[in-house]
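A.B. asks: The numbering of the sequence shown is our numbering, which starts it at 700 and goes up by one.
The beta carbon of each residue, even a glycine, is placed where N, CA and C say it ideally should be.
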Amino acid sequence: MENTSPAPQNTPETDTPEHTAGRRDFLGMVTTAGAVTGVAACTIPFLESLAPQDSASAHLPVDVDLSKLAPGQQTTVVWQGKPVFILHRTPEDIAKLQDAALTDRLRDGDSHDLQQPAYAKNWHRSLTPEYGVYVGICTHLGCVPSYAPAPGGAPAEAKAAPAGGYACPCHGSKFDLAGRVFKGAPAPYNLPVPPYFMPNPTTIRLGENPKGQDFDFSTIVQI
Numbered sequence: 700m701e702n703t704s705p706a707p708q709n710t711p712e713t714d715t716p717e718h719t720a721g722r723r724d725f726l727g728m729v730t731t732a733g734a735v736t737g738v739a740a741c742t743i744p745f746l747e748s749l750a751p752q753d754s755a756s757a758h759l760p761v762d763v764d765l766s767k768l769a770p771g772q773q774t775t776v777v778w779q780g781k782p783v784f785i786l787h788r789t790p791e792d793i794a795k796l797q798d799a800a801l802t803d804r805l806r807d808g809d810s811h812d813l814q815q816p817a818y819a820k821n822w823h824r825s826l827t828p829e830y831g832v833y834v835g836i837c838t839h840l841g842c843v844p845s846y847a848p849a850p851g852g853a854p855a856e857a858k859a860a861p862a863g864g865y866a867c868p869c870h871g872s873k874f875d876l877a878g879r880v881f882k883g884a885p886a887p888y889n890l891p892v893p894p895y896f897m898p899n900p901t902t903i904r905l906g907e908n909p910k911g912q913d914f915d916f917s918t919i920v921q922i
């Protein structure tokens, strides 16, 4: 006689506390690994973009086209693995840099410390007043300062540096639009100015001095 009783059914195993905890730990490991992988995926391309491709190219001059850089705008380029800020100053910015009241608030307003070539040791710390050029690394502990235009340009950042300038997000150091550090800031020196010259009015060549000038960037006091 044929057996018509139903076949035994597989019932799901009841999770024990140990089983549940083990599964939770495993899922946590997977999630953490995924997060780390995601961060690495974002970080590695950024770091690679700052690293020179080879030792020869690391010391080649870098040409920067300024023809589309409007007054009040800044561009950041990489030179020898360092971020370099190039700012097109407005007429208002230029006027503020000559304000004696501003100079009194600066730690080294006359650029006595060797943080720039001789041809940039002036009130605007550059070849021409219209363009500021500085290595964008805070001289305190190496963070990258944020550009804060004069009030009206970027309200969220303008409060960080009165009358426009740069603010370090790490420890609060502030610099003016010539890269000069304000008194009372943790940063001890002005932002460095790299060697550069302008082969024409709309091009800056980083890493090469003007004809007749000799400035070795490695001689600066601090980066």
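1) Compute the distance between the beta-carbons of Gly771 and Arg788, then report whether it is under 9 Å.
2) Do the region 795-813 and the region 765-783 meet, that is, are 3 or more Cβ pairs less than 8 Å apart?
3) Please work out which residues of its chain come closer than 8 Å, Cβ to Cβ, to Val880, disregarding the five sequence neighbours upstream and downstream, and give them in chain order.
4) With a cut-off of 8 Å, do at least 3 Cβ pairs link the region 826-836 to the region 897-910?
5) Determine the burial state of Ala734: buried for a count of at least 16 other Cβ atoms within 10 Å of its Cβ, exposed for fewer.
6) To which residues of the same chain is Ser766 closer than 7 Å at the C-beta, ignoring the five residues directly before and after it?
7) Do Tyr846 and Phe916 have their C-beta atoms closer together than 9 Å?
8) Please report the residue range of the beta strand (DSSP E) in which Asp762 lies.
9) Can you tell me where the alpha helix (DSSP H) holding Leu801 begins and where it ends?
10) Could you tell me the alpha carbon to alpha carbon distance between Gln815 and Pro893, rounded to whole angstroms?
11) Who are the near neighbours of Asn821 in its chain, counting only those whose CB is closer than 8 Å to its CB and skipping five residues on each side?
12) Enumerate in chain order the residues of its own chain whose CB-to-CB distance from Cys842 is below 6 Å, with the five nearest sequence positions on each side excluded.
13) Leaving out five residues on either side along the sequence, give the residues of the same chain with a beta carbon under 8 Å from the beta carbon of Pro760.
14) Go through its chain and collect everything with a Cβ distance to Asp764's Cβ below 7 Å, but skip five positions before and after it.
15) Can you tell which of Gly863, Ala817, Ala819, Asp913 has its C-alpha closest to the C-alpha of Leu876?
16) Restricting to Cα atoms, I'd like to know which of Leu786, Ile793, Ala817, Glu791 is closest to Thr918.
17) Pick helix, strand or coil for Leu826, following the three-state DSSP scheme.
18) I'd like the list of long-range same chain contacts for Tyr833, defined as Cβ closer than 6 Å, with 5 residues on each side in sequence excluded.
19) Can you find the residues in the same chain that come closer than 6 Å, C-beta to C-beta, to Ala884, ignoring five residues on each side of it along the sequence?
20) Where Leu801 and Phe914 are concerned, what is the direct C-alpha to C-alpha distance, given to the nearest angstrom?
21) Using CA coordinates, which residue listed in Leu768, Asp812, Lys882, Leu813 is at the minimum distance from Asp803?
22) Hey, would you say Gly835 sits closer than 9 Å to Lys910, going by beta carbons?
C.D. replies: If we stick to the structure as given:
1) Cβ distance < 9 Å, so Gly771 and Arg788 count as in contact.
2) no
3) Leu805, Arg806, Asp807, Thr838, Ser872, Lys873, Phe874, Ala886, Pro887, Tyr888, Asn889, Leu890
4) yes
5) With a pLDDT of only 36 at Ala734, under 50, the local geometry of the prediction cannot be trusted, and no value is derived from it.
6) If we look at Ser766 and ignore the five residues flanking it on each side, its Cβ neighbours are Thr901.
7) Contact: no.
8) Under the DSSP assignment, Asp762 falls in the beta strand (DSSP E) whose first and last residues are 761-764.
9) 799-802
10) Rounded to the nearest angstrom, the gap between the Cα atoms of Gln815 and Pro893 is 7 Å.
11) Take Asn821, set aside five residues on each side of it, and the residues of its chain with a beta-carbon closer than 8 Å to its own are Ser810, in chain order.
12) Cys867, Cys869
13) Here the set comprises Arg904, Leu905, Gly906, Glu907.
14) Thr901, Thr902
15) Taking only the C-alpha atoms, the option nearest Leu876 is Gly863.
16) Ala817
17) coil
18) Phe784, Gly878, Leu890, Val892
19) Ser872, Lys873
20) 28 Å
21) Lys882
22) no
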